[in-house]
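Take the first sequence: its letters are residues 2 to 441, numbered as in this note's numbering.
The beta carbon of each residue, even a glycine, is placed where N, CA and C say it ideally should be.
Because the structure is a prediction, the values reported are computed rather than measured.
Here the structure comes first, spelled out in structure tokens, and everything after it is commentary.
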Amino acid sequence: MPRPQPLSGFPELLPRQRIVEQQVVDHLRRAFELHGFANLRTRAVEPMDQLLRKGETSKEVYVLRRLQADAEGADAGLGLHFDLTVPFARYVLENAGKLNFPFRRYQIQPCWRGERPQEGRYREFLQADIDIVDQGELPAHYEVEIPLVIADALRGLPLPPVRMHVNNRKLSQGFYQGVGIGDTEGALRIVDKLDKIGADAVAKLLVDEVGATPEQAEACLSLAEISAEDASFVDRVKALGVTDPLLEEGLAELAAVVEAAAKEAPGLVVADMKIARGLDYYTGTVYETVMEGYESLGSICSGGRYDTLASDGKHTYPGVGLSIGVSRILVPLLQAGSLTATREVPTCVLVALANEDERPASNAIAQRLRARGIPTQVSPSAAKFGKQIKFADKRGIPFVLFSGEDGHQMKDIRSGEQVAVDVDAWEPPAEDLHPSIVAQ
RNA sequence: GUGGUCGUAGCUCAGCUGGUAGAGCGCUUGGUUGUGGUCCAGGAGGUCGCGGGUUCAAGCCCCGUCGAUCACCCCA
């Protein structure tokens, strides 16, 4: 059989890289749980009508088909989910009676999109999503809290610095309304392209597509230029001389987010009036995050507030959430070699084998170390000690244990230092017990 | 989905106007008679992504396909 080739857009990691991913996921999980988010796991598939709700026709959904299904048979109409928000919305409706609101949950699962793969953009990728959803009304303070949870979660990971650009749809749409533009959604979508196509092109599109006057387009651009790390943007927006009740609401909400973030996670959040987030279902705060030096990846963590995450006709469930693109962050860093793990196996100690007859005894020694939580494996063969050390070295296993008539000797193969030890008392340095992530 | 660039050993790459493949690293054996990393000497490893075509002859030219990557689109 010829060597199989990788499948485009379905990245698979080597053991050492997977250790990094695993530890990042563990870290996120701990952080989310520290903030009281419960974990949820939803099925991989959703009915197509659920997935294609929200008028998101452009989403490239992978459809599920049974090989043995009747040619005539009804199409199951199932597709793989392309994010974790849509399944969550469905789950909330389905279990509304059993959930307690406000409900906060996190979900770390793969998602699938049939789009053309690129760096940081895959057909199967891992997303870490947090949401807070309530029944009827969702207080605005959750829009302040969610980015702080993310800040906590990303803190402590050896990643390049990140910056979260935040805006509020009420602010932008209120402003456009205030200057007299009718199609505020359309204007938002055009302004969102500012970084990509430039101010002149945006102005032209505003005039051509939403019927703005050159003066109105100019006002939109003046707003989009405003960004600040503190609430000073409020005065700058007001100085543009536009008044609108929705605008006022948006200004107040965005100021609250920025001020809280400036205090609790300095440098993370910047109010940025050109962030719009396409034509999604967002209705309040919107978030977009870029990683320094990796701006070309686009946003590595985005989300926002949606007033009708779900609705069953009687109740509406407004929510606010953010998704971290775990694969988008990790795969490029791993491929570039700027992120790796201290070893490619969990093993901390390799028990050397002097003689195949001693394997049972060596197994017993290994078991004593394991009993105290030290990941241990026994050498695969009683090869020359030099080879056994090499076996450990290649995998990054830091310690090799030699046993003889005169007791046990633990060798740190990085320093070469070898000392007599009591197997039932020896402890590795805390940082050597488990592999860890290193940035380089 | 549309368009561009690329694909040679496990890895990084060289290979002239077409004349049936090379380096470094890695791997392996020995020097080293039970403690690796340095050094020295040897060795293994390639259907040139895959399939077809042109040609006396294809790694090189043509077509298709798969993969990688970039741009558009969209987004984690």
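- In the three-state DSSP reduction, A129 falls in the strand class (E or B).
- The beta carbons of M165 and L224 sit about 19 Å from each other, so the pair does not count as a contact at 8 Å.
- Fully contained in the region 119–170 are the following alpha helix (DSSP H) runs of length 4 or more, in chain order: 142–155.
- Your pair Q378 and A365 does not check out as a contact, with CB atoms roughly 14 Å apart and the cut at 8 Å.
- Only exposed fits V439, as fewer than 16 other CB atoms lie within 10 angstroms of its CB.
- The beta carbon of A213 is closer than 6 Å to those of I182, L207 in its chain, skipping five residues each way along the sequence.
- For C221, the secondary structure class from DSSP, reduced to helix, strand or coil, is helix.
- Using a Cβ distance threshold of 8 Å, L298 and G115 do not count as a contacting pair.
- Sequence-distant Cβ neighbours of D394 in its own chain, meaning closer than 8 Å and more than five residues away, are I414.
- Judged by DSSP in its simplified three-state form, D273 adopts strand.
- Taking all protein chains shown into account, R124 has 16 or more neighbouring C-beta atoms within 10 Å of its C-beta and is therefore buried.
- A buried status is given to N168, since no fewer than 16 other beta-carbon atoms sit within 10 Å of its beta-carbon.
- One Cα belongs to D231, the other to L149, and the distance between them is close to 15 Å.
- If you draw a straight line from the Cα of A384 to the Cα of V422, it is about 23 Å long.
- The C-beta separation of V258 from V145 comes to about 5 Å, placing the pair in contact by the 8 Å criterion.
- Under the three-state reduction of DSSP, V346 is assigned to coil, being neither helix nor strand.
- Contact fails between the region 3–19 and the region 127–136, because fewer than three Cβ pairs, one in each stretch, are under 8 Å apart.
- Only residues of its own chain outside the window of five on either side were considered, and among them T185, D245, L247 have a CB closer than 7 Å to the CB of Q178, listed in chain order.
- Under the 8 Å Cβ criterion, the region 325–340 counts as touching the region 292–307, having at least three qualifying pairs.
- Across the set H142, S363, P333, Q69, the C-alpha of P333 shows the shortest separation from the C-alpha of P118.
- Y318 is bridged by DSSP to A311.
- Taking the Cα positions, V424 is about 29 Å away from Q23.
- P376 and D308 have their C-alpha atoms spaced approximately 48 Å apart.
- Within a 10 Å sphere around the beta-carbon of G405 sit fewer than 16 other beta-carbons, which makes this residue exposed.
- DSSP places D236 within a helical segment (H, G or I) once states are collapsed to three.
- About 19 Å separates the beta carbon of A229 from that of A200, a gap too long to meet the 8 Å contact definition.
- Counting only residues of its own chain and dropping the five nearest sequence neighbours on each side, R344 has a CB closer than 8 Å to the CB of R17, I20, R396, G397, I398, P399, P436.
- For G80, same chain residues with a beta-carbon under 7 Å away, outside a window of 5 residues either side, are V46, E47, M49, L52, V62, Y63, V64, L65 in chain order.
- Going by C-alpha positions, H409 is about 19 Å away from L434.
- Distances from the alpha-carbon of G268 to those of F89, P162, L370 put P162 closest.
- In this structure, V321 and Y143 form a Cβ contact; the two beta carbons are roughly 5 Å apart against a cut-off of 8 Å.
- For the 8 Å CB-CB criterion, G305 and E250 do not form a contact.
- The alpha-carbon separation between A355 and F386 amounts to approximately 8 Å.
- C-alpha of G37 to C-alpha of V93: approximately 18 Å in a straight line.
- Residue burial is scored here from C-beta neighbours: I276 has at least 16 other C-beta atoms within 10 angstroms and is therefore classed as buried.
- Under the DSSP definition of a beta bridge, M411 partners with L402, V420.
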